[in-house]
Amino acid sequence: MSSSAAPPVPTPGDERGKRRLALIGGSLGNLVEWYDWFVYASFAIYFADSFFPGDNPTTQLMNTAGIFAVGFLMRPVGGWILGRAADRHGRKSALTLTVTMMSVAALLIAVAPTYGQAGYFGALVLLLARLLQGMSIGGEYAASATYLTEASARNRRGLGSSFQYVSMTCGQLLGLGILITMQHTLTTRQLESWGWRIPFVLGALFAVVVFWLRRRLQETDAFQEEASGEDARDDSARGTLKALWQYRRQAGLVMALTLGGTVAYYTYTTYLTKYLVGSAGMEKTTATLVSFTALTLFAVLQPFAGMLSDRIGRRPLLITFAVGCTVGTYPIMTALGSASSYWSALGLSLLALVIITGYTSINAAVKAELFPTRVRALGVALPYAIANALFGGTAEYVALWFKNSGHETMFFWYVSGCALISLVTYVLMPDTRDAALSRAEAEADAHAGSDADRGDPAAAAPAGSAR
11 MSSSAAPPVP TPGDERGKRR LALIGGSLGN LVEWYDWFVY ASFAIYFADS
61 FFPGDNPTTQ LMNTAGIFAV GFLMRPVGGW ILGRAADRHG RKSALTLTVT
111 MMSVAALLIA VAPTYGQAGY FGALVLLLAR LLQGMSIGGE YAASATYLTE
161 ASARNRRGLG SSFQYVSMTC GQLLGLGILI TMQHTLTTRQ LESWGWRIPF
211 VLGALFAVVV FWLRRRLQET DAFQEEASGE DARDDSARGT LKALWQYRRQ
261 AGLVMALTLG GTVAYYTYTT YLTKYLVGSA GMEKTTATLV SFTALTLFAV
311 LQPFAGMLSD RIGRRPLLIT FAVGCTVGTY PIMTALGSAS SYWSALGLSL
361 LALVIITGYT SINAAVKAEL FPTRVRALGV ALPYAIANAL FGGTAEYVAL
411 WFKNSGHETM FFWYVSGCAL ISLVTYVLMP DTRDAALSRA EAEADAHAGS
461 DADRGDPAAA APAGSAR
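The sequence shown begins at 11 in our numbering and counts up one residue at a time.
What follows is the structure, given as structure tokens:
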């Protein structure tokens with residue numbers, strides 16, 4: 011008598027449970043990664059003079075912002091290396107590696123000596139840590155975007171991918187929450203002396219926990235299908251630049267659609283607190299509370315916008331964002347610069363973040379839906395990281411440069427111009443909502459004869475097949 015038995019057939023409940031666990035696991039890891047990344051910007055106002063001596067606070071912030079921007083220069087490197095790893099060895103292995111790198115970087119910042127202790131050696135340690143963080147984040151964005159999109163049900167990919175920015179924002183909120191707590195328990199002198207090190211120690215510890223969590227994630231069906239398919243034996247081109255070159259048009263789209271979104275996002279998140287303190291003259295504690303409250307509501311909005319995109323498509327939300335950012339940045343930033351109360355600043359910040367939600371809630375899904383499985387992570391990672399290095403990472407530095415030169419309002423036009431370029435891209439690009447991300451989905455389309463109902467089949471085909 012045979013002892014073998016047929017494997018159990020997964021029930022709809024099993025599938026929902028699997029997707030839920032993937033969503034939670036991927037999101038929690040992403041949260042800690044971005045906490046470590048953003049906490050640098052949140053605490054820069056307290057440790058800037060520890061590494062860069064001088065009497066001009068703006069110059070000190072420019073130095074720390076410059077190191078923040080330099081971290082972005084490593085994101086294309088990390089996107090290339092870790093994106094390739096995710097396409098060749100799986101999304102799970104890449105996610106585990108990124109969080110390991112981030113833990114080491116956070117620990118380096120926590121123990122970096124100040125200028126008074128070791129001269130500019132401390133700034134060098136700070137720089138090296140940010141370079142390592144840049145590599146980690148360069149791979150994290152693509153691995154998590156790909157993982158969350160592939161692990162979601164086809165009709166809920168917008169919702170699933172929206173949790174990337176939910177977790178990103180919650181990571182920033184965690185950092186701001188720790189900052190607010192420390193502002194109310196420590197004096198400013200204590201924060202500037204040693205208190206700023208605490209969040210980096212916590213970040214390293216959080217990352218260790220996430221490492222354990224990510225080792226227990228399941229690989230996505232789309233990658234397993236690709237790795238075990240007919241072409242699995244000849245996988246030398248998977249995740250390579252040569253393979254990506256075949257999809258250079260899609261890579262160009264990723265850069266163009268990222269441009270406006272990344273500049274706007276960093277303007278109204280990492281730079282907002284400094285702008286309210288330096289330009290509106292707001293107290294640091296009040297400005298921090300404005301950012302915390304606005305970002306909390308911003309995180310809540312993401313899933314609703316993601317669900318909306320699953321119903322009406324991705325392009326309407328992207329176009330709404332780009333139009334709002336193009337015409338709204340100057341009046342919103344001008345009003346924020348003269349905001350005299352918590353409530354006025356909060357209202358204006360929320361208005362800006364509601365507009366940006368049209369991009370943040372779905373950009374991960376849009377980018378993943380543009381590429382086939384064998385080059386999806388690299389296709390998302392490398393062009394996105396390049397756009398961020400050129401525009402996202404430099405947004406704060408550009409803003410401070412304009413302020414220092416006496417032409418602060420020129421930065422507002424700069425943000426609007428970037429959004430305008432992305433607007434043209436959104437208008438001309440196809441909607442990616444109905445793209446098939448695996449052979450199984452493509453075969454289901456063919457079987458159901460749904461190509462005609464899904465719009466432009468030529469536009470969906472490159473993204474839809476896992477060939």
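Ideal placement from N, C-alpha and C gives every residue a C-beta, glycine not left out. Just so we're clear, the structure is a prediction, and the values are computed from it rather than from any experiment.
{"Asked": "Residue interval of the alpha helix (DSSP H) (run including Y130)", "Found": "Per DSSP, Y130 belongs to no alpha helix (DSSP H) and is neither H nor E."}
{"Asked": "S37 beta carbon less than 7 Å from that of S177", "Found": "yes"}
{"Asked": "Spatial distance of Q260 from L327 (CA atoms)", "Found": "19 Å"}
{"Asked": "Cα-Cα separation, Q228 to E453", "Found": "24 Å"}
{"Asked": "Proximal residues to L254 (C-beta, below 8 Å), its chain only, five neighbours per side dropped", "Found": "A261, V385, L388, G389, L392"}
{"Asked": "Rounded separation between F62 and D320 - CA only", "Found": "48 Å"}
{"Asked": "Same chain, Cβ closer than 8 Å to L33, neighbours up to 5 away in sequence not counted", "Found": "L158, A161, S162, G170, F173"}
{"Asked": "Exposure label - Y130; buried when at least 16 CB within 10 Å", "Found": "exposed"}
{"Asked": "Option nearest L311 by Cα separation, candidates S371, Y257, L286", "Found": "S371"}
{"Asked": "Contacts around L305, its chain only, beta-carbon distance under 8 Å, and the 5 residues preceding and following it disregarded", "Found": "T179, Q182, L183, L186, T279, L363"}
{"Asked": "Assigned exposure category for G291 - 16 Cβ within 10 Å defines buried", "Found": "exposed"}
{"Asked": "For D444, the first and last residue of its enclosing alpha helix (DSSP H)", "Found": "Note, D444: premise wrong, no alpha helix (DSSP H); not H, not E."}
{"Asked": "Pair within 7 Å by beta-carbon distance, W206 and Q143", "Found": "no"}
{"Asked": "Pick from L118, I366, T442 that is closest to P382, judged by C-alpha positions", "Found": "T442"}
{"Asked": "Distance between M192 and A152 (C-alpha atoms, nearest Å)", "Found": "33 Å"}
{"Asked": "Assumed close pair N398, T268 - CB separation to whole angstroms, cut-off 8 Å", "Found": "7 Å"}
{"Asked": "Extent of the continuous alpha helix (DSSP H) run through Q174", "Found": "167-195"}
{"Asked": "Closest Cα partner of F210 within the set T336, G402, V121, T295", "Found": "V121"}
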